[in-house]
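Asks: This is the structure I have questions about; it appears just below.
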Amino acid sequence: MSTLTTPDKPPVRAWLPTMLTLAAIWGCSFLFISVGVRELHPMYLALGRVVAGSAVLLVFLAFKREPLPRDPRLWAHTFVIGAIGSALPWTLFGYGEQRVPSLLAGIWNGITPLIVLPVAVLVFRTEKFTAQRVAGLLIGFLGMLVVLGAWNLDGGADLTGQLLCMAAAVCYGLAVPYQKRFVAGSTVSGTALSASLLLCATIQLAVVAPIVTGAAPPMPWTLSPEVLGSVLALGGLGSGIAFVLSMRNIRLIGASMSSMVTYLMPIFAIAVGVLILDEHLTWYQPVGALVVLTGVAVSQGVVRRPVRSGRKPKKPLQPEVAPVP
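Residue 169 in UniProt numbering sits at position 169 of the sequence shown, with consecutive numbering throughout.
What follows is the structure in C-alpha cells.
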C-alpha cells in the first residue's frame, strides 16, 4: 500500500532477516489454518483472525497516535479489499485445508502474482502484455497443471480442496491490482489502511458467518490451546505484526524487492507441513511449485533475456505488497 523507497541501497543485513521472518510467518500460516479448522468452521476461523489482526494494528496506531482513515470513499475501497483480500480468501483457504494438506495450500498461494498480471492488464488496464510476460504466464499455467496432477484427476475431496485454494489465490490476485489502482496513492499510512480493511472484513464475517453456519461462534475457552493459539498466531502475527514488518522492508528496499518474499513462503509452508504435521508430498507437487515460481519470475522480469547495450530493461510488474496468506 506504500511505494516509499530509499535512495541508497541499505545493507543486506538490514532487510534480509526481516524478509526471512515474514516468509516464515506467512508460510506457517497454512499450518495454523490446518490446525484451526479442526475445531472451527472456516468462516469463524477467518473471523477470529481478522479480529486479532485488527486489535494488533489498532494498538500500533494508538502507540503511533495515528487516526484511521476519514475519507468515506477510501473506506468504500477498503471495504472491497477487506472482502476480496481478507475475508473471502482466508475462508476459502480454511475450506480447502479441510480437504488437502497445508503444504499444498502454501504452494497454491504462490500463483498469486500470475493472477495479478492479467487482471492488471485486462480489468484495470494499468499494465500491458509483453512477450516475456505472456511466456511467464504460460510457464506458470503449466506449473499449475503439474501441481494439480492434471493427468491423474479423479475428482473427490483432493480436487475440490485444491480448487478452493486456487480460488483463494485468485482473490488475492484481484485484490492486489484493485488496491494499487484505488488505494495505493492515498496519503494515509499503510498501517491505518490495513487496520481499516481488517475492520471491514470483521464486520463482513461477523454478519455472514452466523447465517452460513447457522450457529453462534464458539467461546474462546471452549477451544483447545492448539486451536486458540493458531487463531491468535494467524491474526496477531500473520495479519498484524507481519504487516508492520512488511511496511518496514518496503520503506527500506521498495515494494518490488519486498515482494520477493513470495518466492520464499512456499518453502516454509512445505517444511512445516512435512516436519510438524507429518504431511506428505507427491513428486509432482514440488516440481510444479518450481515451475510456477519460474513462471512468476519470468513474468515479473526477475529472469530476462540479456539486454542489448544502450537499452534499459522494462520495469517488471510487482504488487505493492506481498499478498498476506
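For glycine and all other residues, C-beta sits at the position ideal for the given N, C-alpha and C.
Between which residues of its own chain and A167 is the CB-CB distance below 6 angstroms, once the five residues before and five after are set aside?
Replies: Hits under 6 angstroms: L92.
Asks: Can you tell me which of H77, N109, E226, K9 puts its alpha carbon nearest to the alpha carbon of S196?
Replies: Here the closest residue by C-alpha is H77.
Asks: Answer with buried or exposed for V12, where buried requires no fewer than 16 other C-beta atoms within 10 angstroms of its C-beta.
Replies: It counts as exposed.
Asks: Using a 10 Å radius around the Cβ and a threshold of 16 neighbouring Cβ atoms, would you call residue 327 buried or exposed?
Replies: Because the chain in this structure spans residues 1 to 325, residue 327 falls outside the shown range and cannot be described.
Asks: Going straight from the alpha carbon of L174 to that of R125, what length do you get?
Replies: The straight-line gap from Cα to Cα measures roughly 13 angstroms.
Asks: Determine the burial state of S224: buried for a count of at least 16 other Cβ atoms within 10 Å of its Cβ, exposed for fewer.
Replies: That one is exposed.
Asks: For chain C, is any of its Cβ atoms less than 8 angstroms away from the one on L61?
Replies: In the structure shown, chain C cannot be found, because there is only a single protein chain.
Asks: Is it right to say G214 is buried, meaning 16 or more other beta carbons lie within 10 angstroms of its own, or is it exposed?
Replies: By the 10 Å Cβ count, G214 comes out exposed.
Asks: Kindly indicate which residue of G301, L293, L47 has the alpha-carbon position closest to the one of G106.
Replies: The option with the nearest alpha carbon to G106 is L293.
Asks: Return helix, strand or coil for M43, following the three-state DSSP convention.
Replies: Note: M43 maps to helix in three-state DSSP.
Asks: Consult DSSP for A184 and reduce its assignment to one of helix, strand or coil.
Replies: It is coil, neither helix nor strand.
Asks: Just to confirm the assignment: which complete alpha helix (DSSP H) runs, minimum length 4, are found wholly within the region 88–164?
Replies: As far as the region 88–164 is concerned, its whole alpha helix (DSSP H) runs of at least 4 residues are 88–96, 102–109, 112–122, 131–148.
Asks: Could you compute how far the alpha carbon of L74 sits from the alpha carbon of V59?
Replies: Those two C-alpha atoms are separated by around 21 angstroms.
Asks: Could you give the C-beta distance for G136 and S259, rounded to a whole number, given that I count them as a contact under 8 angstroms?
Replies: Wrong, their Cβ atoms sit about 15 angstroms apart, outside the cutoff.
Asks: Between the alpha carbons of I270 and W26, how many angstroms are there, rounded?
Replies: The straight-line gap from Cα to Cα measures roughly 12 angstroms.
Asks: Could you tell me whether the region 77–90 touches the region 243–250, using the rule of 3 or more Cβ pairs below 8 angstroms?
Replies: No: fewer than three Cβ pairs fall under 8 angstroms.
Asks: Quick check on the DSSP output: the alpha helix (DSSP H) that includes T213 runs from which residue to which?
Replies: Where T213 is concerned, the enclosing alpha helix (DSSP H) stretches over 190–213.
Asks: Output the distance between the C-alpha atoms of A14 and P210, rounded to the nearest integer angstrom.
Replies: Roughly 45 angstroms between the two C-alpha positions.
Asks: Classify A62 as buried or exposed, calling it buried when 16 or more other Cβ atoms lie within 10 Å of its own Cβ.
Replies: The residue is exposed, with fewer than 16 neighbouring Cβ atoms inside 10 Å.
Asks: When you compare only the Cα positions, how much space is there between P67 and A55?
Replies: If I take the Cα positions, the gap works out to 14 angstroms.
Asks: Please state the DSSP three-state secondary structure of H280.
Replies: Residue state, collapsed to three classes: coil.
Asks: Going by beta-carbon coordinates alone, are V272 and P177 separated by less than 8 angstroms?
Replies: No, these two residues do not count as a Cβ contact at 8 angstroms.
Asks: Helix, strand or coil: which one does DSSP assign to A216?
Replies: A216 falls in the coil class under three-state DSSP.
Asks: In the DSSP assignment, the alpha helix (DSSP H) including S34 goes from what residue to what residue?
Replies: Taken as a continuous stretch (DSSP letters only), the alpha helix (DSSP H) holding S34 covers 12–36.
Asks: Under 6 angstroms Cβ to Cβ from S230, same chain only, skipping five residues before and after it: list those, please.
Replies: Counting only Cβ-Cβ distances below 6 angstroms, and skipping sequence neighbours, we find F32, V35, G36.
Asks: Which two residues bound the contiguous alpha helix (DSSP H) that contains I241?
Replies: Unbroken run through I241: none, as it is neither H nor E.
Asks: Am I right that L22 and V261 are in contact with their C-beta atoms under 8 angstroms? What's the rounded C-beta distance?
Replies: 5 angstroms between Cβ atoms; contact.
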